[in-house]
Amino acid sequence: MKGTRSYRLAAGLLTVIALIVAGAFAMTMNRDEPREQLADSATTTAEPPTRTDIAPSSRAPRPPAVDLYGARLEVVDTDSGTALAQNPADRIDPARPDYVTATPARLEWQRGWGGAALPMSGADGPTRIEEGVATGFARTPQGAVLAALDAAARALAAPEGVWEQVVQQRFYGEAKLTDRLVARYSLARARTPDAARFVVVPDGVRLLPGYDGELAVIEAATRDGSGGYSVSSWAMVWIGGDWRVRIPDNIETLWAPPRHITNLTGFGVWKGSPR
Numbered sequence: 005m006k007g008t009r010s011y012r013l014a015a016g017l018l019t020v021i022a023l024i025v026a027g028a029f030a031m032t033m034n035r036d037e038p039r040e041q042l043a044d045s046a047t048t049t050a051e052p053p054t055r056t057d058i059a060p061s062s063r064a065p066r067p068p069a070v071d072l073y074g075a076r077l078e079v080v081d082t083d084s085g086t087a088l089a090q091n092p093a094d095r096i097d098p099a100r101p102d103y104v105t106a107t108p109a110r111l112e113w114q115r116g117w118g119g120a121a122l123p124m125s126g127a128d129g130p131t132r133i134e135e136g137v138a139t140g141f142a143r144t145p146q147g148a149v150l151a152a153l154d155a156a157a158r159a160l161a162a163p164e165g166v167w168e169q170v171v172q173q174r175f176y177g178e179a180k181l182t183d184r185l186v187a188r189y190s191l192a193r194a195r196t197p198d199a200a201r202f203v204v205v206p207d208g209v210r211l212l213p214g215y216d217g218e219l220a221v222i223e224a225a226t227r228d229g230s231g232g233y234s235v236s237s238w239a240m241v242w243i244g245g246d247w248r249v250r251i252p253d254n255i256e257t258l259w260a261p262p263r264h265i266t267n268l269t270g271f272g273v274w275k276g277s278p279r
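Residue numbers (the numbering used here): 5 to 279.
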């Protein structure tokens, strides 16, 4: 019984940042908001491919940990995570039939605050983490997924003073919507102070049809303890050179029950690999 409750709580927490797919396309083009920040190109390789190198830690490697359901988590020097060296040449070929579900190069999940799973890749970002906020995700399907899962994790797991900046910088919407979202998150976090440990590696991820480099609708599936999976959705928009979570007009839809599925057909499996 206790295990079942844990599964249900984890699934429920994922919906805190889930964006309902219905209407997501319309919301990204809301005529009441300024559109000059929207990218004027629908290509998926807007930024020039630049390889980055990150100096290795001087500390000895630490043994890995696991999330609530046993998925591997790398243990790094800081709870906010460590960005990996990037090589854009390793990004998934758009000609591949599994382009929108394929695992990004050198994907790993790092153990963040309170045991939260933070995604990192060696080709699609993030390229930097400053004051707990990750940025620099590639304009690719993989970059959009990484940005969505990262924002979700940090908004729930980061400490006071950091998670608010995550919402301000990694979510997109009118100022009044952002303020409402911060207030709603604050209430949710107060009710579940150990929410971080329920931020787990998803069992499957995918993009819905319509990805064009400006809009990506992400779905993440997580086991729900009843033999199936709970699916949460995010609408991501490319704004100011990075992916951000689109805030819906009705904030309360973020707390709606997730959709239930019985299998992961059509989803990609994004588990980390040993270093």
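All residues carry an ideal CB built from backbone N, CA and C; glycine is no exception.
Collapsed DSSP secondary structure at residue i in the structure displayed
{"i": "residue 31", "result": "Residue placement at residue 31 is flagged as unreliable, the pLDDT there being 29, under the threshold of 50; a coordinate-derived value is accordingly withheld."}
{"i": "residue 246", "result": "strand"}
{"i": "residue 139", "result": "strand"}
{"i": "residue 38", "result": "Confidence in residue 38 is poor, its pLDDT being 38 and thus under 50, which makes the residue's placement unreliable; the coordinate value appears in the next sentence. Note: residue 38 maps to coil in three-state DSSP."}
{"i": "residue 123", "result": "strand"}
{"i": "residue 155", "result": "helix"}
{"i": "residue 238", "result": "strand"}
{"i": "residue 96", "result": "coil"}
{"i": "residue 72", "result": "coil"}
{"i": "residue 268", "result": "coil"}
{"i": "residue 256", "result": "helix"}
{"i": "residue 278", "result": "coil"}
{"i": "residue 273", "result": "coil"}
Residue closest to residue i, alpha-carbon to alpha-carbon, out of the options
{"i": "residue 79", "options": "231, 201 and 119", "result": "119"}
{"i": "residue 237", "options": "81, 185, 258 and 142", "result": "258"}
{"i": "residue 228", "options": "110, 268 and 222", "result": "268"}
{"i": "residue 154", "options": "218, 72 and 173", "result": "173"}
{"i": "residue 87", "options": "137, 185 and 202", "result": "137"}
{"i": "residue 76", "options": "121, 93 and 230", "result": "121"}
{"i": "residue 65", "options": "81, 204, 71 and 90", "result": "81"}
{"i": "residue 72", "options": "198, 215 and 223", "result": "198"}
{"i": "residue 166", "options": "186, 147 and 152", "result": "186"}
{"i": "residue 110", "options": "147, 223 and 156", "result": "147"}
{"i": "residue 105", "options": "277, 271 and 260", "result": "271"}
{"i": "residue 156", "options": "251, 70, 132 and 92", "result": "251"}
{"i": "residue 263", "options": "124, 218 and 223", "result": "223"}
{"i": "residue 231", "options": "207, 93 and 151", "result": "207"}
{"i": "residue 245", "options": "253, 234, 218 and 233", "result": "218"}
Beta-carbon proximity check, residue i vs residue j, cutoff 8 angstroms
{"i": "residue 225", "j": "residue 255", "result": "no"}
{"i": "residue 273", "j": "residue 175", "result": "no"}
{"i": "residue 158", "j": "residue 149", "result": "no"}
{"i": "residue 204", "j": "residue 161", "result": "no"}
{"i": "residue 67", "j": "residue 117", "result": "no"}
{"i": "residue 239", "j": "residue 221", "result": "yes"}
Element boundaries [beta strand (DSSP E), containing residue i]
{"i": "residue 221", "result": "219-227"}
{"i": "residue 113", "result": "112-115"}
{"i": "residue 193", "result": "Here residue 193 belongs to no beta strand (DSSP E); instead the alpha helix (DSSP H) covers 179-195."}
{"i": "residue 134", "result": "132-134"}
{"i": "residue 208", "result": "208-211"}
{"i": "residue 265", "result": "263-265"}
Span of the alpha helix (DSSP H) around residue i
{"i": "residue 168", "result": "167-174"}
Problem set entry | At least 3 beta-carbon pairs within less than 8 angstroms: the stretch 132-142 vs the stretch 180-197 | Contact check between the stretch 132-142 and the stretch 180-197: fewer than three CB pairs, one atom from each, fall below 8 angstroms, which does not count as touching.
Exercise. With contact counted as at least three CB pairs below 8 angstroms, one residue from each stretch, are the stretch 91-98 and the stretch 172-187 in contact?
Worked result: Note that the stretch 91-98 does not touch the stretch 172-187; fewer than 3 beta-carbon pairs, one per stretch, sit closer than 8 angstroms.
Exercise. Does the count of Cβ pairs from the stretch 208-219 and the stretch 121-130 closer than 8 angstroms reach three?
Worked result: Here the stretch 208-219 does not lie against the stretch 121-130, with fewer than 3 beta-carbon pairs under 8 angstroms apart.
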